[in-house]
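Taking it in order: structure first as structure tokens, then the write-up.
In structure tokens:
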């Protein structure tokens, strides 16, 4: 059972009030992963928004139709969300996430979260603003990779 | 003066009701640009969320510290938003936008829009969901460029 207190200190949840944290905690589970586990796989549907509590993970993007042709683009750090595609249509993963350390991860049920947003639109506003910010962080990572490769 | 009716048919505003469209129209102006005009410049602060009504524009990202070292990453099409950094902290432009045709563009006052979100969080939720989706489209563009460059 995850509590509001466990969410409060994480960067992703900054700005949420007690009632909002409790509502999210009620639809969240905590999962442990060993080093080298693939938590999310590009192309697959995604049912949960993830937040890294402890440990570390790398985000990979495929760079061709060959699923083995992957490139590491971002390091995910504690307090960050990943699997944000769970809240963005068409809800399909755009990257693969693999742990680089033993990790503790929050999994927030995305369907329940979206239902919560319909009832509590202010929560939806705050979380979607964080999701947009996370998407921009991913873009920043991808651009850094672009910057070190020659333009064709 | 922009009307709710002019917004209604644009993809970015799909799903908004009459009152929401009217509230946005009241803080929006329409601007015309010739071909080859730089509408937004990477690194500068941005005061408006833009939506392309008619025409076309290209989005460029710098690929090094040299501001002339830019690379075209996305074509922006009518109905699409750009300058989404106006709604994402720290509100600084991450790319440069230059028109490729004579264009008509909506400029939505970002400060007024964020104030509107505070009063009408459901509108904030809907718009930030679109903004997140737009950020993912930009990521998709950047990745396609990544895909044609060799991994180091």
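Protein chains in written order, with this note's numbering: chain Y, 10 to 161; chain H, 10 to 161. Cβ atoms here follow ideal geometry from the backbone N, Cα and C, with glycine treated the same way. On a predicted model such as this, the values are computed, not experimentally measured, just so you know.
Please tell me whether residue 99 of chain H has its Cβ less than 7 Å away from any Cβ of chain Y. No, no contact with chain Y.
Going by the CB atoms, is the gap between residue 92 of chain Y and residue 20 of chain Y shorter than 7 Å? Not a contact, by the Cβ cut-off of 7 Å.
Pair within 7 Å by beta-carbon distance, residue 90 of chain H and residue 60 of chain H: Yes; because the gap between Cβ atoms is below 7 Å, this pair is in contact.
Just tell me which of Y:27, Y:105 and Y:97 has its CA closest to the CA of residue 85 of chain Y. Out of Y:27, Y:105 and Y:97, Y:105 has the C-alpha closest to the C-alpha of residue 85 of chain Y.
Given residue 135 of chain Y, which residues of its chain have a CB within under 8 Å of its CB, disregarding the five upstream and five downstream residues? Excluding residues within five positions, the ones whose Cβ falls inside 8 Å are 24, 25 and 29.
Please list the residues of the segment 126-140 of chain H that have a C-beta atom closer than 7 Å to any C-beta atom in chain Y, keeping them in chain order. Taking 7 Å as the Cβ-Cβ cut-off, the segment 126-140 of chain H approaches chain Y at 126, 130, 131, 133, 134, 137, 138 and 140, given in chain order.
Among all the DSSP beta bridges, which residues are the ones paired with residue 37 of chain Y? DSSP output for residue 37 of chain Y lists Y:117 as bridge partner(s).
I want to verify the contact list: residues of chain Y whose CB lies under 9 Å from the CB of residue 58 of chain H, in sequence order. Chain order gives no chain Y residues near residue 58 of chain H, where near means a beta carbon separation below 9 Å; the closest approach is about 12 Å.
List the endpoints of the continuous alpha helix (DSSP H) containing residue 107 of chain H. Segment 105-108 is the beta strand (DSSP E) holding residue 107 of chain H; no alpha helix (DSSP H) there.
Residues that residue 10 of chain Y contacts on chain H, provided the C-beta gap is smaller than 7 Å: Close to residue 10 of chain Y, with beta-carbon spacing below 7 Å, lies no residue of chain H; the smallest spacing is near 28 Å.
Check whether the segment 124-139 of chain H and the segment 117-134 of chain Y are in contact - that is, three or more C-beta pairs closer than 8 Å. Of all C-beta pairs linking the segment 124-139 of chain H to the segment 117-134 of chain Y, three or more are shorter than 8 Å, placing the two stretches in contact.
Backbone CA spacing between residue 142 of chain H and residue 44 of chain Y [nearest angstrom]: Here the alpha carbon of residue 142 of chain H sits roughly 31 Å from the alpha carbon of residue 44 of chain Y.
Considering just the uninterrupted stretch of the alpha helix (DSSP H) at residue 14 of chain Y, what are its terminal residues? Start and end: 13-17.
Would you call the segment 30-49 of chain Y and the segment 101-121 of chain Y in contact, with 3 or more CB pairs under 8 Å? Yes: at least three Cβ pairs fall under 8 Å.
Helix, strand or coil at residue 25 of chain Y according to DSSP, with G and I counted as helix: Reduced to three states, the DSSP call for residue 25 of chain Y is coil.
Could you check whether the Cβ of residue 145 of chain H sits closer than 7 Å to any Cβ belonging to chain Y? Flagged as an interface residue toward chain Y: residue 145 of chain H, by a C-beta distance shorter than 7 Å.
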